[in-house]
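So the structure is just underneath, and the comments pick up after that.
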């Protein structure tokens, strides 16, 4: 009964403290605003993807009409002949899309840093300018785009400090602590119950926001496991900081001392340790300026174009041994036009080799950060949170992998069809569409 009385007392105390109520409401407003930004970003991405899909259908219908009417291509481009595999594949609008997760409003993560749609051409790669642009969360805050996960991970502990720093501290300041011992008994239990109110309040607040977003986007039906994981992760995170602050309160005397130690703990866990780990990782694995990749796309690519037709022929056969079985592969003379139309396969292989090295360096840096989680729990929570909303590094790494698979598929199909001297008609063009999962 006494426990319930203390709990209800803390509730009344909270309502009668304007500073705490205003701070809490301000935090709720910030969370609401951040989720609104998340929905806005999600809506823009969905609208852009829808526009791309609509334009692609119009483009495909236009090409099918050329076949039906016996036209070789657009009137303004007389050199285009869609009966040639080179041009028919060129006029298949190949886009790889990363549809936003229904939980994206809860964690923007790297969704503003990486592209979510990619048009595949014969010269595409997974590190083109439209695929990666480095930004950071603080820069988004400066621009007014607040991430909900950022508020929960970095600012919610600050709110917890504001709500709890004077528990016991005020009594210490006015020497009421002995009176509490007489009236209630164990002061540790009295502190625990008062802390419990704020733990329940913050956990309830975060869960409400998660449930609201889940209901609006029907995530409870499609991504229930991720919703549960987010709720569990956020609840444990609140409990984690509340536990630290609870012991600080017990073993400190006075509001000033408690507040100072709580703020110091927050700075250590949320700023100093993550910053130090990031700095150490950056020193051990410096930023990759992708000079090797740029060399491939500039210097080495030009060197390939300057090679003789015979050299290009044998390099293409090394990449795709099946070319030996094609019509051109069994001919005595080398067709320079076919070789030049498929030389992109050589550049693609060169890009893949360099990109593999870049990915390995990134993975080594990630593994170093993973190994620091036992002293760097905040980074663990942040990365875990973004993984549930599909906005983390590995979600976009998987997206890049899908892009590379389609690049490989398109270039291999282009090479085999060109070397086999295929005469493309409407039926063959429709088979190409099926290869890239077009639903007409």
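Numbering (the working numbering), first residue to last: 55 to 494.
Ideal Cβ positions, reconstructed from N, Cα and C, are used throughout, including at glycine.
From a predicted model like this one, the values you see are computed outputs, not experimental measurements.
Point to revise | Ranges of the alpha helix (DSSP H) found wholly within the segment 131-185, counting only runs of at least 4 | key: Taking 4 residues as the minimum length, the alpha helix (DSSP H) runs contained wholly in the segment 131-185 are 139-144, in order along the chain.
Point to revise | Cβ-based burial, residue 421 [other Cβ within 10 Å; buried from 16] | key: exposed
Point to revise | Cβ neighbours of residue 75 in the same chain (closer than 8 Å, five flanking residues each side left out) | key: 68, 69
**Study point:** Nonlocal neighbours in the same chain, by C-beta distance under 8 Å from residue 60, ignoring five residues either side
**Key:** Excluding residues within five positions, the ones whose Cβ falls inside 8 Å are 238, 244, 247, 248.
Check your understanding: Mapping DSSP to helix, strand and coil, what is residue 70?
Key -> coil
Check your understanding: Candidates 202, 168, 135: which alpha carbon is nearest residue 93's?
Key -> 202
Review point. Considering only the beta carbon of each residue, do residue 316 and residue 206 sit closer than 8 Å?
Key: no
**Study point:** Collapsed DSSP secondary structure at residue 433 in the structure displayed
**Key:** Note: residue 433 maps to helix in three-state DSSP.
Check your understanding: Taking the alpha-carbon positions, what's the residue 313 to residue 446 distance?
Key -> The C-alpha of residue 313 lies about 34 Å from the C-alpha of residue 446.
Check your understanding: Mapping DSSP to helix, strand and coil, what is residue 340?
Key -> coil
Check your understanding: Is the beta carbon of residue 305 sitting closer than 8 Å to the one on residue 418?
Key -> no
Practice item. Can you tell me which of 98, 82, 142, 58 puts its alpha carbon nearest to the alpha carbon of residue 10? Key: Examination of residue 10 is not possible in this model, given that the chain is present from 55 through 494 alone.
Practice item. Could you pull out every residue in the same chain whose Cβ sits closer than 6 Å to the Cβ of residue 209, ignoring the five residues on either side in sequence? Key: Once the five neighbours on either side are set aside, residue 209 has no close Cβ partner at all.
Review point. Among residues of its own chain, excluding the 5 on either side of residue 122, which ones have a beta-carbon nearer than 8 Å to its beta-carbon?
Key: 480
Review point. Considering only residues of the segment 256-304, which uninterrupted beta strand (DSSP E) runs meet the minimum length of 3 residues and lie entirely inside it, listed in chain order?
Key: none
Review point. Do residue 174 and residue 461 have their CB atoms nearer than 8 Å?
Key: yes
Check your understanding: Using the beta-carbon count (16 or more within 10 Å), is residue 64 buried or exposed?
Key -> Burial call: buried.
Check your understanding: Taking Cβ positions only, does residue 483 come closer than 8 Å to chain D?
Key -> Included in the structure is just one protein chain, with no chain D present.
Check your understanding: Which first and last residues belong to the alpha helix (DSSP H) in which residue 469 is found?
Key -> 447-473
Point to revise | Contact set for residue 476: own chain, Cβ-Cβ below 8 Å, skip 5 residues either direction | key: The answer, listed in chain order, is 139, 482.
Point to revise | Cα-Cα separation between residue 388 and residue 398, rounded to whole angstroms | key: 17 Å
Practice item. Between the Cα of residue 97 and those of 117, 111, 73, 162, spot the shortest distance and give me the residue it belongs to. Key: Among 117, 111, 73, 162, the Cα nearest to that of residue 97 belongs to 162.
Review point. Under 8 Å, do residue 288 and residue 260 count as touching if we go by C-beta distance?
Key: yes
Exercise for review: Note down, in chain order, each residue of its chain lying with its Cβ closer than 6 Å to the Cβ of residue 401, except the 5 sequence neighbours on either side.
Suggested key: 355
Point to revise | Anticipated Cβ contact below 8 Å, residue 474 with residue 380, distance rounded | key: 4 Å
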